Amino acid sequence: MGSITKRRWLEEGLAILEEEGAEALTIEALTGRLAITKGSFYHHFTNYQNFKEHLLIFFEEERTLRIIHLAEQALFPHQKLERVLQATLKPSHLEVAIRAWALQDAFVRDYQQRIDRQRLTYLEEVAYAQSGDRLYAAQMAKVFYSIYVGSQHIIPPIQSTELEQLYQQALQWFRLMPMSGLDEHIQEGSK
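Under our numbering, think of the first position of the sequence shown as 43, with each following residue one higher.
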């Protein structure tokens, strides 16, 4: 087999995570699946920790920044939100595997928290551009992100068609519920 690119190592690392979980992600598993020596691994990464950092950066670029870039090509906020939602419809055990890994590894947890903040911040900014209301935008972002994350943790995960229906229902709720009415309900509940 010829030379393995750094990207190929990272893709294989994500594949192992998705299929078998973090405990299976070892240098030996990587080299075995790629049928290549450890020397090739060390050509690209100084050690396992360095690989792990590159893997998490790669995950962030592929699963967050790429989607934001795609959404930003749309002109209007509702189109940006639609692009984000469409990009998240395919269920992925990888997201679940990364979150499970983050529960066991503080280094991974820091990356997961950063990714969650990026995603929520972007959703909030899109919602704010549409509504002009910060509280509404923050709540809308959390609802959509909670649907996305939660849909993957239900066993079995919610599939694309049903997830799209959930997103559409949430969009309808947000359109139907004026903020003043929501504020009244919140105030009544706190009495």
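Even glycine gets a Cβ: it sits at the ideal position worked out from N, Cα and C.
Since the model is a prediction, treat every value here as computed from it, not as a measurement.
DSSP state of residue i mapped onto helix, strand, coil
i: Pro133; result: coil
i: Pro119; result: helix
i: Leu67; result: coil
i: Gly55; result: helix
i: Ser45; result: coil
i: Ser222; result: Only weak support exists for where Ser222 lies, its pLDDT of 45 falling under 50; the coordinates are left without a value.
Member of the options whose CA lies at the smallest distance from the CA of residue i
i: Leu98; options: Ala129, Glu53, Ser45; result: Glu53
i: Phe216; options: Gly192, His195, Gln201, Tyr170; result: Tyr170
i: Arg156; options: Tyr190, Gln146, Leu107; result: Leu107
Buried or exposed (CB count within 10 angstroms, at least 16 for buried), residue i
i: Leu55; result: For the sequence presented, residue 55 should be read as Gly rather than Leu. The residue in question, Gly55, is buried, as its Cβ has 16 or more Cβ neighbours within 10 Å.
i: Ser45; result: exposed
i: Arg176; result: exposed
i: Gln154; result: buried
i: Thr130; result: buried
Rounded straight-line distance, which links the Cα of residue j to that of residue i
i: Gln194; j: Pro119; result: 25 Å
i: Glu234; j: Ala144; result: As shown, the chain starts at 43 and ends at 233. That puts residue 234 outside it, with no answer to give.
i: Gln214; j: Leu205; result: 14 Å
i: Arg50; j: Arg141; result: 22 Å
i: Asn92; j: Phe83; result: 11 Å
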